[in-house]
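Presented below is the structure to which this report refers.
2 protein chains.
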Amino acid sequence: MAMSNNYGAFIEKSTISPTASSSCPSLKGLTFAIKDIFDVEGRVTGFGNPDWLRTHSAATSTAPVVSSLLEAGATSLGITIMDEMAYSINGENAHYRTPVNPVASDRVPGGSSSGSAVAVGAGLVDFSIGTDTGGSIRVPASYCGIFGFRPSHGVVSTVGVTPMAQSFDTVGWFARDTGTLKQVGSVLLQQPDLNATEPSQLIIADDCFKLCSVPRDLLVQPLVKSVDKSFGGNTVINKMDLGEYIQENVPSLKHFMTSETQQEFCIPSLMALSSSMRLLQRYEFKMNHGEWVSSVKPEFGPGISERIEEAIRVSGEKIDLCRLVKTQLLTALSTLLGDNGVLMIPTVPGPPPHLQADVVALESFRSRAFSLLSIAGVSGLCQVTIPLGLHENLPISVSLVAKHGSDGFLLSLVDCLSKFI
Amino acid sequence: MAMSNNYGAFIEKSTISPTASSSCPSLKGLTFAIKDIFDVEGRVTGFGNPDWLRTHSAATSTAPVVSSLLEAGATSLGITIMDEMAYSINGENAHYRTPVNPVASDRVPGGSSSGSAVAVGAGLVDFSIGTDTGGSIRVPASYCGIFGFRPSHGVVSTVGVTPMAQSFDTVGWFARDTGTLKQVGSVLLQQPDLNATEPSQLIIADDCFKLCSVPRDLLVQPLVKSVDKSFGGNTVINKMDLGEYIQENVPSLKHFMTSETQQEFCIPSLMALSSSMRLLQRYEFKMNHGEWVSSVKPEFGPGISERIEEAIRVSGEKIDLCRLVKTQLLTALSTLLGDNGVLMIPTVPGPPPHLQADVVALESFRSRAFSLLSIAGVSGLCQVTIPLGLHENLPISVSLVAKHGSDGFLLSLVDCLSKFI
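Chains E and L, in that order, give the protein sequences. For the first sequence, my numbering begins at 8 and goes up steadily by one. For the second sequence, my numbering begins at 8 and goes up steadily by one.
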């Protein structure tokens, strides 16, 4: 496997043939790649870390999500590199390698589904699957200039997928075009017909765009224009201060407000939201893997090591409040969106950071990223990353968020809108 | 303690004086009673079963909910009898005694917060606290002809309260009048000012009233008239088929549809909802108490014994789907209610059943009861039981359900409406 051809996306290149029984399976002829977090019968799932690989045995069955894609006629071309234990949104793996960002080779590809995003971005496969706990589909999609879909929490099976933090874990997918994105969705959501419905309203979270270094209009205008062309005046376009709305409607966030959440260039309620997300994530990660980490004492790369140590030290304090925040946010956003409303936010705070950037320099970027990512992350709503080409030679994107369970609606909508973007 | 004076409500009569430090505490002069599920420092919490009492030691601190009532100036007059391990909505305790229903002495008082409801219904205290997992506040309130409030899931502390099933456990309270109900709410919700807001709409779940043996108009008309008198034409009154709406908007319920859910005199989606609730409840109960039950082999009364055995046998299968149903229902009902909408349903399928009724004869009643109770139970929304006097000499009630987190709104609303009921 020559690095130059493959952008370092794969950890294992080996074909798995489709098992389709019908004469015209819906994904016939399409190729895909599988993040090294999904079980494939007879293979040890690597979870991004060599010590994990060494201490685990081969899977005795294939994750249902993988099987259903093979049954739908798709061919897997291999298993992709991921961040260690899915604990990063950067995409840099110190043990294996960092997959090369196909549109910005001096920038990180984004993680933790790094190889899956790169494989699609570089055109090595038609689509790929990954997981998204805190942003692991949405971020690499944005950084690699492709579409990425994080479904509503709980609607796509996570059986046979190594858990990270179950309150947030989702299985998501990447594609270069919205047709493929939707076709894969149709299989994984088990919804054969995804028909387009007009959105009732497009809500622009104006304050959230202030967290992003890309000029607002570059991100907002393409979709606003497309909504206008696609649905005429039928879709109301509203602007709002999302942070303020969340502050008012998620009262338990007050328990996560600190001096840090009051600093400049941040939205206090979203900072508190992301603290609550990170706390529950650490707690569930510890419940899942604390024992393994303590007994095996695995070697981790920079950044990952500190993060995992922090997770292992976490107590159960405030965990009930984290769950209450989830319920309150889900209620608040469901009420805000109503039937068929969509929310527009930046996916990330800007273009992909440089490779091997200093951790401290990245801190403010990471903090703003999690403010944005925790909106769908904590509520469990579905979110799609929509690439908007290059700005100053770097990939930029915007995101749409829709109600829990409106996955088919969101995939159809983005397919519809893409005609005018 | 003479049974005749106390309706058998208390398991222990002993005064705990208020600890109020302010000069004018909000619950000054009020007396209350505590379900035997709340920890009181130095006392063994009984959880309704003598073997539990025997095998547990004294609590080292008092549940914060109890402390906050004492701090607000209320005086506790004692600890009340409850159903064994909170695993019944009947109120019959074979080990201690069945508290006497103060408005229908040949009928069950309802449970599991039986003694707390009876203590209020009989006028022994001004208010009382209990818990509601599957209906343990709402049902005894209805059977004893008093107000009962089940708050939104997670908003009132359950610290120092013996758990039954955490996904559903809530701390609730009883009162004879809406002023007291609201005053207690103000303390427990930590919201000093509960101001009334007009409801935007009152949704009558027409199909749900078909599950109830009491003529529909007797339950629906008092509140409709009061809404009209209180808010003029500002509140829209809508009728709907709630079962159909839930069927369409909670797709995961299909995994809980069986031949049983298709039978006559039932609403299939609500039957499926209650199956999902009962499954997750059993699973969490087993996680909490399975080991204790297996090792101690406690003696249980009729009905309870079978129910606990069934819980101990349950596997983890479908548990993820139960949680998904919760999220989908919360989303669906939040969307339906919008801002300040309220839903009207019968609390229970009819007046309280006879004492020591045959289990088989009660099966259909129980099944319809859980169909109704699972609406707020699974979604985590708040619900208030509103007594509507006697019909054919037996107490009847209706319930209002409001959005998660709208507890203050619902308490103020019922206080407002009570003037014209």
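We put the beta carbon where it would ideally sit given N, CA and C, even for glycine. All values derive from a computational prediction rather than experimental measurement.
Beta-ladder partner(s) of residue i, from DSSP
i, result
"threonine 82 of chain L", "L:Thr38"
"leucine 397 of chain L", "L:Pro402"
"methionine 247 of chain L", "L:Ala212"
"asparagine 20 of chain L", "Per the sequence presented here, residue 20 of chain L reads as lysine, with asparagine not at that position. Looking at the DSSP assignment, lysine 20 of chain L forms a beta bridge with L:Gly85."
"arginine 223 of chain E", "Paired residues: none, contrary to the question."
"leucine 407 of chain L", "L:Met351, L:Val391"
"glycine 155 of chain L", "L:Phe181, L:Thr392"
"histidine 262 of chain E", "Per DSSP, none; premise fails for histidine 262 of chain E."
"isoleucine 136 of chain E", "E:Ile41, E:Trp180"
"valine 168 of chain L", "L:Phe45"
"arginine 114 of chain E", "E:His361"
CB contact check: residue i to chain E, cutoff 7 Å
i, result
"serine 341 of chain L", "yes"
"leucine 430 of chain L", "The displayed coordinates of chain L run from 8 to 428. Any statement about residue 430 of chain L would go beyond what the structure contains."
"glutamine 288 of chain L", "no"
"leucine 249 of chain L", "no"
"threonine 265 of chain L", "no"
"threonine 177 of chain L", "no"
Distance CB(residue i)-CB(residue j) smaller than 7 Å
i, j, result
"valine 51 of chain E", "leucine 60 of chain E", "yes"
"serine 159 of chain E", "glycine 412 of chain E", "yes"
"glycine 179 of chain L", "glycine 137 of chain L", "yes"
"serine 120 of chain L", "isoleucine 144 of chain L", "yes"
"tyrosine 14 of chain L", "proline 109 of chain L", "yes"
"isoleucine 274 of chain L", "aspartate 213 of chain L", "no"
"valine 127 of chain L", "proline 116 of chain L", "no"
"valine 3 of chain L", "leucine 417 of chain L", "Not covered by the structure: residue 3 of chain L. The range shown for chain L is 8 to 428."
"proline 106 of chain E", "alanine 16 of chain E", "yes"
"glycine 118 of chain E", "glycine 98 of chain E", "yes"
"serine 164 of chain E", "valine 72 of chain E", "yes"
"isoleucine 311 of chain L", "tyrosine 103 of chain L", "no"
"alanine 383 of chain L", "glutamine 288 of chain L", "no"
Cβ of residue i within 7 Å of any chain L Cβ
i, result
"glycine 412 of chain E", "yes"
"glutamine 208 of chain E", "no"
"glycine 415 of chain E", "no"
"leucine 337 of chain E", "yes"
"glutamate 291 of chain E", "no"
Cβ shell of residue i (< 8 Å), same chain only, five flanking positions each side left out
i, result
"leucine 225 of chain E", "Leu395, His398, Ile403"
"leucine 1 of chain L", "What the structure shows of chain L is the stretch from 8 to 428, and residue 1 of chain L is not part of that stretch, so it cannot be assessed."
"leucine 76 of chain E", "Leu34, Phe39, Ser83, Ile136, Val191, Val194, Leu195"
"asparagine 245 of chain E", "Gln208, Leu209, Ile210, Ile211"
"leucine 230 of chain L", "Leu209, Met351, Ile393, Val405, Leu407, Leu424, Ile428"
Residues near residue i by beta carbon distance below 6 Å, same chain, minus five either side
i, result
"aspartate 422 of chain E", "Thr185, Lys189"
"glycine 167 of chain E", "Asp46, Ala70"
"histidine 262 of chain L", "Leu328"
"lysine 236 of chain E", "Phe427"
"alanine 335 of chain L", "Here the sequence assigns glutamine to residue 335 of chain L, which means alanine is not the residue at that position. Excluding residues within five positions, the ones whose Cβ falls inside 6 Å are Val257, Ser259."
"glycine 155 of chain E", "Ile144, Arg145, Ala148, Phe181, Thr392"
Residues near residue i in its chain [Cβ-Cβ closer than 7 Å; skip 5 each side]
i, result
"alanine 111 of chain L", "Pro359, Leu401, Pro402"
"methionine 8 of chain L", "Reliability fails at methionine 8 of chain L, whose pLDDT of 39 lies under 50, so the model's placement of it is uncertain and no value is given."
"serine 425 of chain E", "Thr185"
"serine 123 of chain L", "Ala40, Lys42, Thr87, Ser135, Ile136, Gly137, Phe181"
"threonine 169 of chain L", "Ile44, Thr52, Phe54"
"serine 24 of chain E", "Thr82"
"glutamate 306 of chain L", "Asp58"
Cβ-heavy atom distance, residue i to the ligand NAP, below 6 Å
i, result
"isoleucine 253 of chain E", "Ligands in the displayed structure: none, and consequently the ligand NAP is not present."
is_contact[residue i, chain B] using C-beta, thresh 7 Å
i, result
"aspartate 46 of chain L", "Looking for chain B here will not work: the only protein chains present are E and L."
Under 8 Å (Cβ pairs) to chain L, residues found in the region 371-400 of chain E: Gly387
Any C-beta of chain E within less than 9 Å: which residues of the region 151-169 of chain L qualify? Ser159, His160, Gly161, Val162, Ser164, Thr165, Val166
Name, going along the chain, the residues of the region 305-335 of chain L whose beta-carbon falls closer than 8 Å to a beta-carbon of chain E. Asp327, Arg330, Leu331, Thr334, Gln335
Within 8 Å of chain E by C-beta, residues of the region 84-98 of chain L in sequence order: none
If the cut-off is 7 Å on Cβ atoms, which residues from the region 342-370 of chain E count as contacting chain L, listed in chain order? Thr342, Gly345, Asp346
Below 9 Å between beta carbons is the criterion; list the residues of the region 45-73 of chain L that meet it against any residue of chain E, in chain order. none
Interface positions of the region 234-261 of chain L facing chain E (Cβ-Cβ less than 9 Å), listed along the chain: Asn256, Val257, Pro258, Ser259
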